[in-house]
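Asker:
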Amino acid sequence: MSKKKSVRGMARKALTSIPFVQTPRKNTGLPPGTLVFTGNKKIEEAKVSICRYNAEKFVGEGLTLSDVYGAEAGIITWVDVRGLHEVELVEEIGRGFHIHPLILEDILDVSQRPKFEEYKEGYFCILRDYQFDPGKLEIRPEQVAIYVNTGQGFVVSFQEAESDLLKDVRSRLEMGKGKIRMRGADYLSYALMDRIVDNYFFLLDDMGVKLEDIENEVLASASSAIRKDIHKMKRELHGMRRSISPLREAINMMIKSEVAGITSTTAIYLRDLYDHTVQALDLTETFRENINSLNDLYLSELSFRMNKVMQVLTIVATIFIPLTFIVGVYGMNFDHMPELHWRYGYPVVWTIMMGCAILMLFYFRRRDWL
Amino acid sequence: MSKKKSVRGMARKALTSIPFVQTPRKNTGLPPGTLVFTGNKKIEEAKVSICRYNAEKFVGEGLTLSDVYGAEAGIITWVDVRGLHEVELVEEIGRGFHIHPLILEDILDVSQRPKFEEYKEGYFCILRDYQFDPGKLEIRPEQVAIYVNTGQGFVVSFQEAESDLLKDVRSRLEMGKGKIRMRGADYLSYALMDRIVDNYFFLLDDMGVKLEDIENEVLASASSAIRKDIHKMKRELHGMRRSISPLREAINMMIKSEVAGITSTTAIYLRDLYDHTVQALDLTETFRENINSLNDLYLSELSFRMNKVMQVLTIVATIFIPLTFIVGVYGMNFDHMPELHWRYGYPVVWTIMMGCAILMLFYFRRRDWL
Amino acid sequence: MSKKKSVRGMARKALTSIPFVQTPRKNTGLPPGTLVFTGNKKIEEAKVSICRYNAEKFVGEGLTLSDVYGAEAGIITWVDVRGLHEVELVEEIGRGFHIHPLILEDILDVSQRPKFEEYKEGYFCILRDYQFDPGKLEIRPEQVAIYVNTGQGFVVSFQEAESDLLKDVRSRLEMGKGKIRMRGADYLSYALMDRIVDNYFFLLDDMGVKLEDIENEVLASASSAIRKDIHKMKRELHGMRRSISPLREAINMMIKSEVAGITSTTAIYLRDLYDHTVQALDLTETFRENINSLNDLYLSELSFRMNKVMQVLTIVATIFIPLTFIVGVYGMNFDHMPELHWRYGYPVVWTIMMGCAILMLFYFRRRDWL
Amino acid sequence: MSKKKSVRGMARKALTSIPFVQTPRKNTGLPPGTLVFTGNKKIEEAKVSICRYNAEKFVGEGLTLSDVYGAEAGIITWVDVRGLHEVELVEEIGRGFHIHPLILEDILDVSQRPKFEEYKEGYFCILRDYQFDPGKLEIRPEQVAIYVNTGQGFVVSFQEAESDLLKDVRSRLEMGKGKIRMRGADYLSYALMDRIVDNYFFLLDDMGVKLEDIENEVLASASSAIRKDIHKMKRELHGMRRSISPLREAINMMIKSEVAGITSTTAIYLRDLYDHTVQALDLTETFRENINSLNDLYLSELSFRMNKVMQVLTIVATIFIPLTFIVGVYGMNFDHMPELHWRYGYPVVWTIMMGCAILMLFYFRRRDWL
Amino acid sequence: MSKKKSVRGMARKALTSIPFVQTPRKNTGLPPGTLVFTGNKKIEEAKVSICRYNAEKFVGEGLTLSDVYGAEAGIITWVDVRGLHEVELVEEIGRGFHIHPLILEDILDVSQRPKFEEYKEGYFCILRDYQFDPGKLEIRPEQVAIYVNTGQGFVVSFQEAESDLLKDVRSRLEMGKGKIRMRGADYLSYALMDRIVDNYFFLLDDMGVKLEDIENEVLASASSAIRKDIHKMKRELHGMRRSISPLREAINMMIKSEVAGITSTTAIYLRDLYDHTVQALDLTETFRENINSLNDLYLSELSFRMNKVMQVLTIVATIFIPLTFIVGVYGMNFDHMPELHWRYGYPVVWTIMMGCAILMLFYFRRRDWL
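Residue numbers (the numbering used here), protein chains in the order written: chain A, 1 to 370; chain B, 1001 to 1370; chain C, 2001 to 2370; chain D, 3001 to 3370; chain E, 4001 to 4370.
1) Terminal residues of the continuous beta strand (DSSP E) containing valine 1081 of chain B?
2) Quick one: is serine 2221 of chain C near chain B, going by C-beta distance under 8 Å?
3) Smallest Cα separation from lysine 2136 of chain C: which of C/Arg2235, C/Ile2126 and C/Val2110?
4) Leaving aside the five residues before and after tyrosine 330 of chain A along the sequence, list all residues of the same chain whose C-beta is less than 8 Å from its C-beta, in chain order.
5) Taking glutamine 3279 of chain D as the reference, give the member of E/Val4110, E/Gly4060 and E/Thr4034 with the closest Cα.
6) Looking at chain B, is there any beta carbon in it that lies within less than 8 Å of the beta carbon of alanine 2145 of chain C?
7) Can you name, in chain order, every residue of its own chain whose Cβ lies under 6 Å from the Cβ of glutamine 112 of chain A, other than the five neighbours on each side?
8) What is the rounded straight-line gap between the Cα of lysine 120 of chain A and the Cα of tyrosine 4130 of chain E?
9) Between the alpha carbons of lysine 2041 of chain C and histidine 2085 of chain C, how many angstroms are there, rounded?
10) Along the chain, where does the alpha helix (DSSP H) containing glutamate 2376 of chain C start, and where does it finish?
11) Going by DSSP, which residues form a beta bridge with asparagine 149 of chain A?
12) In or out: alanine 1370 of chain B buried (at least 16 other Cβ within 10 Å) or exposed?
13) Which residue marks the beginning of the alpha helix (DSSP H) containing valine 4348 of chain E, and which one marks its end?
14) Using 8 Å as the limit for Cβ to Cβ distance, is histidine 3336 of chain D near chain E?
15) Considering only C-alpha positions, which residue in the set C/Leu2270, C/Phe2158, C/Thr2266 and C/Leu2237 is nearest to glutamate 2249 of chain C?
16) Grab the span of the alpha helix (DSSP H) containing tyrosine 1200 of chain B for me, first residue to last.
17) Exposed or buried, which one is glutamate 3162 of chain D when buried takes at least 16 other CB atoms within 10 Å?
18) So, does the region 3307-3327 of chain D touch the region 3284-3293 of chain D, judging by three or more C-beta pairs under 8 Å?
19) When you compare only the Cα positions, how much space is there between glycine 39 of chain A and leucine 65 of chain A?
20) Note down, in chain order, every chain A residue with its Cβ under 8 Å from the Cβ of phenylalanine 1320 of chain B.
21) Going by C-alpha to C-alpha distance, which of E/Glu4056, E/Leu4281 and E/Gly4074 sits closest to glycine 4151 of chain E?
22) Can you tell me which of the three DSSP states serine 4049 of chain E falls into?
23) Note down, one range per segment and in chain order, each alpha helix (DSSP H) of at least 4 residues found wholly within the region 213-273 of chain A.
24) With a threshold of 8 Å between beta-carbons, can asparagine 2040 of chain C be considered close to chain D, or not?
25) On the premise that isoleucine 4326 of chain E lies in contact with methionine 4353 of chain E, defined as a C-beta separation below 8 Å, what is that separation, rounded to the nearest angstrom?
26) Taking the alpha carbon of glutamate 3044 of chain D as the reference point, which residue from D/Arg3052, D/Arg3082, D/Thr3266 and D/Trp3342 has its own alpha carbon closest?
27) Do you know whose CA, among B/Met1175, B/Gly1094, B/Ile1214 and B/Asp1335, lies nearest valine 1156 of chain B's CA?
28) Along chain B, in chain order, which residues have C-beta atoms closer than 9 Å to that of threonine 263 of chain A?
29) Excluding the five sequence neighbours on either side, which residues of its own chain have a C-beta within less than 8 Å of the C-beta of alanine 2267 of chain C, listed in chain order?
30) Count the CB pairs spanning the region 3087-3101 of chain D and the region 3177-3191 of chain D that are closer than 8 Å, and state whether there are at least three.
31) Go ahead and pull the three-state DSSP assignment for leucine 1035 of chain B.
32) Going along chain E in order, which residues have a C-beta closer than 7 Å to the C-beta of glutamate 3174 of chain D?
33) Return the first residue and the last residue of the alpha helix (DSSP H) that serine 2066 of chain C is part of.
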């Protein structure tokens, strides 16, 4: 067993440097339903932010989990959990809000594909947030899970790390900006998802900048490093697509969901979110085709330069090798070499050599090598 | 925040030089429904052209927005807005014609995919017009949004820049040419869309000419510049396809729409427009396959030339290097080299060298290198 | 406007040499329904052949258009128009047979995709005939439009040029061969389409022969010309596929058509025609994969030859460059070089050089370069 | 006409050496329903084997065609025709068993895609048998057509050549092995098809062996011949896929057929046959991906070897060209060259040259070229 | 026949070294329903483990096959067979549990695609377990067949070899861990399948590690061996995909199955299993795209290195070949060469040569070759 574990350790180490290769599932081989966190601990201590609101008031401080386990009519409760390595906390919240064990398992398994599942009491969805590191050309994915009990007005969101992403939504709630306070739990979950998808565009903008850099570098220098950048970029974009594509399906299912208690008003906004997701997917595809075309460009750049290098070599060698032969001839020590004794032998040889060289140059010019 | 903004600025700068990479969404991260113009200001001042007509009369001048906010039975009103950076103007028109805020947001977000949406009172569609710059090999997209209230006979079109494109339609209206004056708002919106799609063929013709130029240049010189042109052309054609493909779907939805109030007569014309869009998409695909094939041709051209260059080098080197060796031998200064003292040593060496050279030439001819 | 026209002229000129790039649509920008011929005038004067027949009799001469505008019970009328540049003629025929203006527009726009449209009174279909020029490796497409009024027994076919293609059908009609005289207008239209699709197989046979030639040439010489042939062949085959594929759909719609008045007997034959079209498409696909594989083969042929060339150069240079160095050493003029005065210095040097050369040859043989 | 024929002759000659390019359709241009054999005569004389059986008895000899044209209750009649060039024979059998002329045309046109067609009285299906020639890397397809009249218990099979393939089924019938004698005509037709599909696995095994050979050769020698083998293999596998894929569809239609009189017991076996066909298709796809990957491997092998060749050349040239320059310097005949008269000039030069060479070798070792 | 057999033997030998090329079907050509084991004997003696359990008790030892042929109400019987070469054993078990002969044939034919089939009494499914050998880069597939009689509570599993895989499930049963003892036969079969699919993630982790190794090696050395590793990896991943993809379909059919007696509770778990399978497929696809991108990277690495090698050669040759020519000139033995007698001829020549060399170096630096 210990041997297996060390192999697994290697795998994990290796895989974390491959973005989008989901971290190895530590729960593999265990009976289904066992709660195991499959990710890496990203923050020291798990944090829980709780707030309750309706159109009139917003309570954002001083609430504990046990305060909010019971529903209050017309009040929306949002519990935001950051840090999933404290499995007991997740388990407790699960019990408090009567979340199904299979959902809890999915929340803790941070290698899930984006998905939407509807239940009698509400729905559950998983999506991914990304951080792009333009230096290392790496995208760091982070799983966000949102559980919504539409009937009782509960929204519970789970993130792996301390992230500022959902703070915008909280401040909009606090300040009562927009219509978010008038709407139900379904609209809150939409707002959270919208915030995450919006972030994709920041990411894609950064990737677009990097892509532009790569294009310029390919045309300017075709250096060795750019080759690796192209490879990494391909990998990242592939990962993006693999993740946004199921998200689109999930949102589509969400719009069409009849059981989950999503109001038609929110559905209109979800349709807008769907459009944004399609747009992000479209942009990813465009980038993918661009990077593939850049790879072709890089390859033809290399071939083109090779041609240029070979032409230089060929021109120099083709001109001087025959001339070196000629001077070699008159460096021979034969007793009987009449030319050596001619009065104008030396200048004649020079003339012949010049003639050869000029002929060659003409030949190369005609071939467009000069 | 300011740091983030400067990064965004970079992104925008970078992206605008990548055609079809939609300009970064300035509204990212804002609550949904906020009206923000996401494009670049293309003209100094926004312009509004208003006209009203029915089969008998046409009023094209002297109308203000407030004159036309009320519907008149049997009269079609067309308001054409050019320049979207004046957000307040768009907002005011939105209020005047009771356009839904989400539609207004889409109108101002100029990075939308072509789409069609039907409403109780009418429909809304987005499409793209293109300008091709054969010199820079760039396609400049511009978003056109058309809002139609079929019941009240309102057509409101929104363009980013001052464009001559829709003037043709206006002059046809003015002169009463064709059946356009007899028909309703739905036919007018069809006429506008038809004008834009027709323009694609001009664009595709120009691209076809450029493609032909590239093909000729690949075969003639396979220069360095052509490589970049191929790359750009690929990118543009990919962008075209990405945009025409959803337009086709949008027109299809428009034909099948039951709520939007499109008459069956107009639907026949829309079917014709659908055919044109498919034809444009087909042509784009054909061009794409051609440019891919041209890339292959370019690569094999480079390989072929490299072969030719190497053959020249090899022939010259293979003939003269052994000869240079031979003359080197008789340039040695050994005391005892009997050949040097032979009477016919020098001509014998020449004969041997000639023989070698001729053998080599035969060998190369047999190998088809000469 | 005149500037625009000249650009268009260029486009047209350029595009006609790209097969399958449909000739620029001269009607672009005009109001829908305007009749404009978009092709190039291919014959001097338009010709009209008219015939009428039923199972008993066949009248093929002496009929004018005005004679046949009225239907006769049980009599089939076939009007074959060759040459579409005389727009008035087409317009007149359109009026005579009550053909819808949109159909007439499609007939004159020779850049249509193959399609089938059903109407109350009958149907209309467009397909393409091809001529293959093996010398130039060009396929010249020609549009054929067939309008059928099943109720009244009218078949009107429109071709761009004087073509022998449909003469076979006419002679079969005249001689009463087969069942063609017993059947209705729908069978006649089937017979015309069948004749055109049959012709694809002649074309594909010729292309197969050319493909075989290309394969042989790739393996034999991998010359420069073959590269361009591969590119052209790809382009042609792509064009073929783009055109046969919608034809298949059109025939499928024709079989399933319920309004158009196609009898179930003819439907059986149409199913046969559908099979042939699928077969032609299949063959086109097979050829496409073959030509792609031939392109790969050509590229690896080039690489392989480059390897061979480089091996020759390397062998020669690697053997003689060190030897030339050795003889150079003993060509130096130092006062104190003891070897030069040895009795057997010269033969010893020869022996060493031979040894080097033989060692090299062994090395190359071991590396399989010889 | 004679000119056309000779061209066609060329086409046929050319195409027969391209496997899967179906032989040119001699019936092209003829009225539909004309019976023409489109293949090449493969055996001298057509042969007909007739047998009749039920669970109790089997009569395999002494039957003539006219004996079996009439059905007998509970008796299955199997007529196996080998050799289709005797069109009259096929026509006669067609009349005897009341086979529709369009079916007869399909039987004689040996370039059909595999298909299944159901009729009131039974069904008709076409499939392909293959012979693989590992030496020439050619697959020789042969069309097998099976006509079944389920009501009357007739099975008529048509093969192009004398083949042992269906003898197994006959011997199983004769010996009463398995359940074949208890079942009806539909089971017999299944047994024939099963025998043919089973044969695909023999073929695919042989191709797998050849694929393995190619892989070994690519890694060992990357010779010129292997390049052509890869190309041929690609072509063959493509042809296989093109043919098995419609067969799968045909069998699927057969299973779902409601009119054709296929019993549910036989349908179970057909489902098994369907699984086998999918398996064969899967294997073909696997082989296709393998051969494509082998092509990539071959190309990188060539590039890798080129690198090695160039490294050898570069090492030798880079070491000896500067040395040759140095010895050349001291071969000059200037009157005033002090070094020449130094006591240790010669060994000093040798030392310098050795130093240069050793430095170079270090440099190459650091670059991993040695 | 014996000749055929030896060919088949070759095929088998060859194919077993191609992973995923299913071993040749020994049953090819035999009447359907004949029981033949198509795999290779992997263990000496077949083993059968039998256990019976319900929520209260677990009997795992001392049971013989004949003890468990009869069902007991509320008791689940699991028979696990390891080793399929003992065909009689499988036959006997088949008779004992009334398993249909066609199922038995599928169990013994170890080259089946994963599938699910439902029957009146229960269902049957086939899936694959894999062992990955990172050293040889080989995946060894092993077929697992599971037959379930839901009504009578029988689960019979068949494996080719002695494998520890299903022991986990047995120990969970024995120890009564999880809910497995409370559930029916359908849950047991789910648990077995879940265990196998879980194992895919171990395999994929190992492949991810290997992929990472390949990536590092490509960037570090681009050696010859890595080329073959890429090829093998491609083949393995392709094989994985070909097998997981039908498994996904099988599980989907299982979830939707209405006849097979799968309870809705188990169906929830099956949905989870379906998600895992999709995830595994996703990962396989990601790896496939990565390996393809690595192949591109390898090719451009080779081209890049070639460029570097050629630059070195060209720099050295271009500098020294002209210099060698110059020194050759003054090595000539003409009687009249005034320069030779100049006082400063020798240093002047050196100065000229230095100048040439420095110019060249400047030129190369400007071209970025140094």
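Ideal Cβ placement from N, Cα and C applies to all residues, glycine included. If you're wondering where the values come from, they're calculated on a predicted model, not measured in any experiment.
Answerer: Result, derived from the coordinates:
1) As a working note, residue 1081 of chain B is residue 81 in the second sequence. Here the beta strand (DSSP E) through valine 1081 of chain B covers 1076-1082.
2) Stepping through the third sequence from its first residue, residue 2221 of chain C is reached at position 221. Answer yes: the Cβ-Cβ gap between serine 2221 of chain C and chain B drops below 8 Å somewhere.
3) As a working note, residue 2136 of chain C is residue 136 in the third sequence. Of C/Arg2235, C/Ile2126 and C/Val2110, the residue nearest in Cα terms is C/Arg2235.
4) The residue labelled residue 330 of chain A in the question sits at position 330 within the first sequence. Contacts found: Met337, Glu339, Leu340, Gly345 and Val349.
5) Residue numbering aside, residue 3279 of chain D sits at position 279 when the fourth sequence is read from its first letter. Among E/Val4110, E/Gly4060 and E/Thr4034, the Cα nearest to that of glutamine 3279 of chain D is on E/Val4110.
6) By one-based count along the third sequence, residue 2145 of chain C stands at place 145. Output row for alanine 2145 of chain C: interface = no.
7) Against the first sequence, residue 112 of chain A aligns to sequence position 112. Same-chain partners within the cutoff: Asp106 and Ile126.
8) Within the first sequence, residue 120 of chain A is the residue found at index 120, counting from 1. Within the fifth sequence, residue 4130 of chain E is the residue found at index 130, counting from 1. Roughly 39 Å separates the two Cα atoms.
9) Within the third sequence, numbered from 1, the residue matching residue 2041 of chain C stands at position 41. Within the third sequence, numbered from 1, the residue matching residue 2085 of chain C stands at position 85. Taking the straight line from one Cα to the other gives about 6 Å.
10) Here chain C comprises residues numbered 2001 to 2370, so residue 2376 of chain C is not present and cannot be evaluated.
11) The residue you call residue 149 of chain A lines up with position 149 of the first sequence. Note: asparagine 149 of chain A sits in a beta bridge opposite A/Gly122 and A/Phe154.
12) Here residue 1370 of chain B is taken as the residue at index 370 of the second sequence, counted from 1. The identity of residue 1370 of chain B in the sequence shown is leucine, whereas the question assumes alanine. Counting Cβ neighbours within 10 Å, leucine 1370 of chain B comes out exposed, since fewer than 16 surround it.
13) The residue given as residue 4348 of chain E occupies position 348 in the fifth sequence. 4345-4366 is the span of the alpha helix (DSSP H), which, as asked, contains valine 4348 of chain E.
14) Here residue 3336 of chain D refers to the residue found at position 336 when the fourth sequence is read from its first residue. Interface residue, yes.
15) Your numbering for residue 2249 of chain C matches position 249 in the third sequence. Here the closest residue by C-alpha is C/Leu2270.
16) If you number the second sequence from 1, residue 1200 of chain B lands on position 200. Element bounds for tyrosine 1200 of chain B: 1185-1220.
17) For the purposes of this step, residue 3162 of chain D is taken as the residue at position 162 of the fourth sequence. By the neighbour-count rule (16 or more Cβ atoms within 10 Å), glutamate 3162 of chain D is not buried but exposed.
18) no
19) Start at 1 with the first residue of the first sequence, and residue 39 of chain A comes out as number 39. Start at 1 with the first residue of the first sequence, and residue 65 of chain A comes out as number 65. Their backbone Cα atoms lie some 24 Å apart in a straight line.
20) As a working mapping, residue 1320 of chain B is identified with position 320 in the second sequence. The answer, in chain order, is Ile321, Pro322, Thr324 and Phe325.
21) Taking the first residue of the fifth sequence as 1, we reach residue 4151 of chain E at position 151. The residue with the shortest Cα to Cα distance from glycine 4151 of chain E is E/Gly4074.
22) For this step, residue 4049 of chain E is matched to residue 49 along the fifth sequence. In this structure, serine 4049 of chain E counts as strand in the three-state DSSP scheme.
23) 224-256
24) Counted from its first residue, the third sequence places residue 2040 of chain C at position 40. Chain D contact via Cβ: absent.
25) By one-based count along the fifth sequence, residue 4353 of chain E stands at place 353. By one-based count along the fifth sequence, residue 4326 of chain E stands at place 326. The pair is a contact, with the Cβ atoms about 6 Å apart (cut-off 8 Å).
26) Here residue 3044 of chain D corresponds to residue number 44 of the fourth sequence, with the count starting at 1. The shortest C-alpha separation from glutamate 3044 of chain D is found at D/Arg3082.
27) Start at 1 with the first residue of the second sequence, and residue 1156 of chain B comes out as number 156. Among B/Met1175, B/Gly1094, B/Ile1214 and B/Asp1335, the Cα nearest to that of valine 1156 of chain B belongs to B/Gly1094.
28) Stepping through the first sequence from its first residue, residue 263 of chain A is reached at position 263. Residues of chain B passing the Cβ test: none, with the nearest at roughly 15 Å.
29) Here residue 2267 of chain C refers to the residue found at position 267 when the third sequence is read from its first residue. Ile2255, listed in sequence order.
30) no
31) Working through the second sequence from its first residue, we reach residue 1035 of chain B at position 35. If DSSP states are grouped into helix, strand and coil, leucine 1035 of chain B belongs with coil.
32) On the fourth sequence, residue 3174 of chain D is found 174 positions in, with the first residue counted as 1. Result: empty, since nearest Cβ-Cβ is about 13 Å, beyond 7 Å.
33) Indexing the third sequence from 1 puts residue 2066 of chain C at position 66. Taken as a continuous stretch (DSSP letters only), the alpha helix (DSSP H) holding serine 2066 of chain C covers 2065-2068.
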